[in-house]
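First residue of the sequence shown: 2, per the numbering used here; consecutive thereafter.
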Amino acid sequence: MSRPSDSGLRLLFVTQELDRASTNLAVAHTWAAELARQADAVHVVAARVGEFDLPPNVSVYGLGRERGRSRGLAAMAFGAICARLILRRRVHVALAHMVPAYAVALAPLTRVANMPLALWYASHGLTPMLRRANRMIDAALTASFDSYPIASERAFVLGHGIDTGRFQPPDERKPENGPVIGMAGRLTPLKGFEPGIRALAELRRGCCPEARLRIAGEPFYPSDRAYADELKSLADTLDVRNAVEFVGAVRGDAMAGFYGSLDVFVNWRAQPALDKTGLEALACATPMITNNRAYRGVLGEHSCDFLVGNSSDELAAGLGRLLRMSVDSRQAVVAELRASVANEHGAPGLAVRLAAVCNALRKGARPEFPSVAEAEASL
């Protein structure tokens, strides 16, 4: 994809992790690569740096957290690097990725330099830090109207950025003994693994006695580890432990293989927000079922087949209905949805939109994208 005609953009991109093999943030590597096509220079500041392979116009600055550097020393390095880039005018726009605290830390520097500051945030969490960041930034950028929890006129809906070159249908799906259902993400109650296990137990008692559940993910915090133990105990209690496979963390560059091994993927959230896993599954031509209302726009007229209520009983009923569909019917719908994901949420398109926002902010103009407030009001 060619650069925009008014490029010349030099972008500061701040993220938690730059690692194409990351189990949680491989998307940051995808974004850096695609943004490099839309800008003269991209300067990536990452708390942790792992494997990367980026174009020559991308500069990477690590804060050393992957080497065990303390938060204090990492914060000092962050300040020194960002001050040098911003105050010496080596960048035109600063973009913080998913962490409101990064935007708060950048704001004093961007104000002194009279430079635009944007925050990408796609989650339901309305924290005091997000409220503070929202007052300091020039624009918030998000994936859908319900992925930014403040109905702001300065929060713009851009869609997601899925690497549809990597997330592709498998050449062939290996047949297994019974349908395989999958879930993925950090092991936390927000992601709904408990309803998934309960739905599996109901399926095995009813229409799909051979069904199995494959869970990719790992706990991050002590409370997550306790939750992971609770999930295993629940599977024991429901007598499905031998049908639930906890595969642990899966490298970002191996997730397409995980999705491709499934008959259906479950995207589940305690609160709606357009997260990436369901889009990645559809990009791999794997049917997805969800309670996540943020997916209504993605599913369109097929919402009745793939969108269910919030109980494990409703999930089980939806899974049973989906698994009873003929393979041809199911795949015809999924092929249509995959095309929609590629067009509306592919990484190249998002990079174009991000660059357009940054160029508008540079000129002091309002980005020509719908705001969260406008999108919410139109529903």
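Glycine residues also receive a C-beta, built at the ideal position from the N, C-alpha and C atoms.
Whole-angstrom distance between residue j and residue i, CA atom to CA atom
| i | j | result |
| --- | --- | --- |
| Q17 | R49 | 6 Å |
| A76 | C83 | 11 Å |
| E203 | T128 | 36 Å |
| K192 | R89 | 43 Å |
| G369 | D54 | The amino acid occupying residue 369 in the given sequence is Glu; Gly does not appear at that position. Straight-line Cα distance between these residues: approximately 32 Å. |
| E345 | P171 | 21 Å |
| V59 | S23 | 19 Å |
| T165 | G69 | 33 Å |
| A114 | C359 | 16 Å |
| G261 | A282 | 8 Å |
| V181 | M130 | 40 Å |
| G51 | G73 | 21 Å |
| L120 | T238 | 44 Å |
| S313 | L362 | 45 Å |
| V15 | E315 | 40 Å |
| G301 | R242 | 36 Å |
| G321 | T278 | 21 Å |
| S3 | V334 | Summary for S3: the model assigns pLDDT 40, below 50, so the residue's position carries little reliability; its value from the coordinates is reported in the next sentence. Using only the alpha carbons, I get a separation of about 32 Å. |
| R331 | R132 | 42 Å |
| L159 | L142 | 7 Å |
| S341 | V299 | 7 Å |
| A295 | K175 | 31 Å |
| A366 | A356 | 13 Å |
| K364 | M116 | 10 Å |
| V43 | Y149 | 25 Å |
| S6 | G347 | Confidence at S6 is low in this model, with a pLDDT of 38, below 50, so the placement of that residue should be treated as unreliable; the coordinate-derived value is given next. Their backbone Cα atoms lie some 21 Å apart in a straight line. |
| E173 | P196 | 30 Å |
| I151 | E375 | 12 Å |
Cβ pair residue i, residue j closer than 7 Å
| i | j | result |
| --- | --- | --- |
| L118 | I87 | no |
| R11 | H93 | yes |
| F247 | I216 | yes |
| G207 | W32 | no |
| I290 | L263 | no |
| R354 | A284 | no |
| S234 | V373 | no |
| R270 | N293 | yes |
| A200 | A102 | no |
| L214 | V245 | yes |
| P212 | G183 | Note on identity: in this sequence residue 212 is Ala, with Pro being the wrong assignment. Contact: no. |
Whole-angstrom C-beta distance between residue j and residue i, which should lie under 8 Å
| i | j | result |
| --- | --- | --- |
| T111 | A95 | 5 Å |
| A352 | Q39 | 5 Å |
| T387 | V265 | The question about residue 387 has no answer, for the chain in this structure spans 2 to 380. |
| I198 | A140 | Actually they do not touch by this definition, with Cβ atoms about 40 Å apart. |
| F157 | P371 | 7 Å |
| A47 | G63 | 6 Å |
| L19 | A29 | 6 Å |
Next item on the list: Please determine if the segment 249-259 and the segment 105-115 are in contact, where contact requires at least 3 C-beta pairs separated by less than 8 Å.
Entry: The segment 249-259 makes no contact with the segment 105-115: fewer than 3 CB pairs, one atom from each, lie closer than 8 Å.
Check: Are at least three pairs of beta-carbons, each pair with one atom in the segment 218-225 and one in the segment 187-194, less than 8 Å apart?
Finding: Output reads yes: the segment 187-194 touches the segment 218-225.
Next item on the list: With a floor of 4 residues, list each alpha helix (DSSP H) that falls wholly inside the segment 317-363, ordered by position along the chain.
Entry: Taking only runs of at least 4 residues, the alpha helix (DSSP H) segments lying wholly in the segment 317-363 are 328-346 and 348-363.
Margin query: I'd like the ranges of any beta strand (DSSP E) spanning at least 3 consecutive residues and lying wholly in the segment 256-291.
Written below: 265-268 and 289-291, all fully within the segment 256-291.
Next item on the list: Could you name each continuous alpha helix (DSSP H) segment of 4 residues or more that falls completely within the segment 154-239, going from the start of the chain to the end?
Entry: As far as the segment 154-239 is concerned, its whole alpha helix (DSSP H) runs of at least 4 residues are 194-206 and 223-238.
Checklist line | Continuous alpha helix (DSSP H) assignments of at least 4 residues falling wholly in the segment 62-121 | finding: Counting only runs of 4 or more, we get 72-88 and 101-113.
Notebook entry, point to check: Do the segment 273-286 and the segment 241-251 meet, that is, are 3 or more Cβ pairs less than 8 Å apart?
Noted result: Flag = no, the segment 273-286 and the segment 241-251 do not touch.
Check: Enumerated in chain order, which unbroken segments of the alpha helix (DSSP H) with a length of 4 residues or greater are wholly contained in the segment 21-53?
Finding: Within the segment 21-53, complete alpha helix (DSSP H) segments of at least 4 residues are found at 27-39, given in chain order.
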